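Enquirer:
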Amino acid sequence: MKGPGHRRRRPSHQDQTGPLVSTDLSLETERSSVRVTYQGSPGTVIEAMVLNAFPNCIAAPQKRSEGALETVQSSLADKAVLTIENSSIGSFHQSYDLLLSHNLQIVQEVHMDVELCLLALPGVQKDDLQTIFSHPQDLAQCEHSLSNLGVSKKNVDHGAAGAEIISKQNLRGAGVIGSARAAELYGLNILECNFQDASPNVTRYLVLARTANIPKEYEQYKTSIVFGLEEGPGTLHKALVAFWKRDLNLTKIESRPNRGKPMRTLGTEKQFNYIFYVDFEASVAEIPAQNALKELELFRPERRKRHRREKETITRISQDERC
Numbered sequence: 001m002k003g004p005g006h007r008r009r010r011p012s013h014q015d016q017t018g019p020l021v022s023t024d025l026s027l028e029t030e031r032s033s034v035r036v037t038y039q040g041s042p043g044t045v046i047e048a049m050v051l052n053a054f055p056n057c058i059a060a061p062q063k064r065s066e067g068a069l070e071t072v073q074s075s076l077a078d079k080a081v082l083t084i085e086n087s088s089i090g091s092f093h094q095s096y097d098l099l100l101s102h103n104l105q106i107v108q109e110v111h112m113d114v115e116l117c118l119l120a121l122p123g124v125q126k127d128d129l130q131t132i133f134s135h136p137q138d139l140a141q142c143e144h145s146l147s148n149l150g151v152s153k154k155n156v157d158h159g160a161a162g163a164e165i166i167s168k169q170n171l172r173g174a175g176v177i178g179s180a181r182a183a184e185l186y187g188l189n190i191l192e193c194n195f196q197d198a199s200p201n202v203t204r205y206l207v208l209a210r211t212a213n214i215p216k217e218y219e220q221y222k223t224s225i226v227f228g229l230e231e232g233p234g235t236l237h238k239a240l241v242a243f244w245k246r247d248l249n250l251t252k253i254e255s256r257p258n259r260g261k262p263m264r265t266l267g268t269e270k271q272f273n274y275i276f277y278v279d280f281e282a283s284v285a286e287i288p289a290q291n292a293l294k295e296l297e298l299f300r301p302e303r304r305k306r307h308r309r310e311k312e313t314i315t316r317i318s319q320d321e322r323c
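All residue numbers for the sequence shown refer to full-length UniProt numbering, where the first residue is 1 and numbers rise by one.
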């Protein structure tokens, strides 16, 4: 839904090549010189996303997402990539908490259709598997497929870490859910491609930087805000009506516990208190968006952070000719 009186262009993709479908492909010099950090290692799915979204960038993997964000915050990297949502299992709640605890701006959003593979040592068959390694979110995306195998699950930092463990320790009773590239790097075989329960299996990533620097000519924006509300009935409804009155389309509403003030009073009862994350389709430079945010201030939110970014998607990345 568009704000009144504001026309947004939809860029042509006729001249684009490769897997990117984007509203911003003109900044190739900037993309090829940035240092991009993320939680992962070579062979992870997020590595594939980073290298496709930022060709020839300096990839700087970290062991934890917190470390990636802190690296950008301390100016040791230019951008951090944070996994925020998956179409099969929903929101990554820890990522929302990290957005609030770090002073960074969302400058871009990337979608990738993720293929997860079942990997094992050469010669190992599905019937030989007793344990499957992977990141908890990847295991969750394959819950039904794993239950059919009747195996136990073991959490690791990511699929590539599980592939390395199996390879180094020669674990013939174990498999891993990961990428085809992880199989190549660690000498594993692909037992099954597209092992995830649902296809397409789209993951949404946010790109964060210290400051927002979006060229003015781009007209397709998404803005994210986070706020808390005063105690009292109907305050969330009133806050959201501020956007409805101005034809601003809300694309996401997420609530998280307010850790600083976990309880609120409603009448004579104590209830859980929440912080709300809202995404809407508009730039904060647009008058309707500015007026909606001003009206939101009437409810005296405890805190508010604003982010804006151009929208971008990545289609399915072919990981292996066998997939």
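Beta carbons: idealized from backbone N, C-alpha and C, even for Gly. Treat the numbers as computed from the prediction; the structure is a model and nothing was measured.
Report yes if the C-beta distance between ASN201 and SER88 is below 7 Å; otherwise report no.
Expert: Cβ atoms of ASN201 and SER88: closer than 7 Å.
Enquirer: Ignoring anything shorter than 4 residues or poking outside the region 84-128, list the alpha helix (DSSP H) runs there in chain order.
Expert: The DSSP assignment places complete alpha helix (DSSP H) segments of no fewer than 4 residues inside the region 84-128 at 93-101, in order along the chain.
Enquirer: So, is GLN141 buried or exposed, given that buried needs 16 or more other C-beta atoms within 10 angstroms?
Expert: buried
Enquirer: Three-state secondary structure (DSSP) at PRO233?
Expert: coil
Enquirer: According to DSSP, which residues form a beta bridge with ARG204?
Expert: DSSP, once it has assigned bridges, lists GLU85 and HIS111 as partnering ARG204.
Enquirer: Based on DSSP bridge pairs, tell me the residues matched to ILE275.
Expert: ILE275 is bridged to GLY228 and ARG256.
Enquirer: Does chain D have any CB closer than 7 Å to the CB of ALA163?
Expert: Any reference to chain D falls outside this structure, which holds one protein chain only.
Enquirer: Are the CB atoms of LEU240 and PHE280 nearer to each other than 7 Å?
Expert: no
Enquirer: Would you call ILE177 buried or exposed, if buried means 16 or more other Cβ atoms sit within 10 Å of its Cβ?
Expert: Classification for ILE177: buried.
Enquirer: Verify whether the separation of the beta carbon atoms of VAL151 and GLN130 is less than 7 Å.
Expert: Yes, they are a contact pair.
Enquirer: Let me know the secondary structure DSSP gives PRO42 once reduced to three states.
Expert: coil
Enquirer: Would you tell me roughly how many angstroms separate the C-alpha atoms of ASN103 and ARG210, rounded to the nearest one?
Expert: Straight across, the Cα-Cα distance linking ASN103 with ARG210 is about 7 Å.
Enquirer: On the three-state DSSP scale, how would you describe PRO61?
Expert: strand
Enquirer: Considering ARG264, what are the terminal residues of the beta strand (DSSP E) in which it resides?
Expert: 263-266
Enquirer: If you draw a straight line from the alpha carbon of GLY228 to that of GLU297, how long is it in whole angstroms?
Expert: 11 Å
Enquirer: Per DSSP, what kind of secondary structure is VAL21 in: helix, strand or coil?
Expert: Here VAL21 scores only 29 on pLDDT, less than 50, and its place in the model should not be relied on; the value that follows carries that caveat. If DSSP states are grouped into helix, strand and coil, VAL21 belongs with the strands.
Enquirer: Report the CB separation of THR44 from VAL72 in whole angstroms; it is logged as a contact under 8 Å.
Expert: Actually they are not in contact, since the Cβ atoms of THR44 and VAL72 sit about 19 Å apart, beyond 8 Å.
Enquirer: Where ILE83 and SER199 are concerned, what is the direct C-alpha to C-alpha distance, given to the nearest angstrom?
Expert: One point to set straight first is that residue 83 is Thr, not Ile, in the sequence displayed. Using only the alpha carbons, I get a separation of about 18 Å.
Enquirer: Look at the alpha carbon of SER255 and the alpha carbon of TYR186, and state the distance between them as a whole number of angstroms.
Expert: Annotation: SER255 to TYR186 spans about 40 Å, alpha carbon to alpha carbon.
Enquirer: Based on the DSSP output, what are the partners of LYS79 in its beta bridges?
Expert: Here LYS79 is bridged, per DSSP, to VAL36.
Enquirer: So, is LEU27 buried or exposed, given that buried needs 16 or more other C-beta atoms within 10 angstroms?
Expert: Model confidence at LEU27 stands at a pLDDT of 40, short of 50, so the residue's coordinates are unreliable and nothing is read from them.
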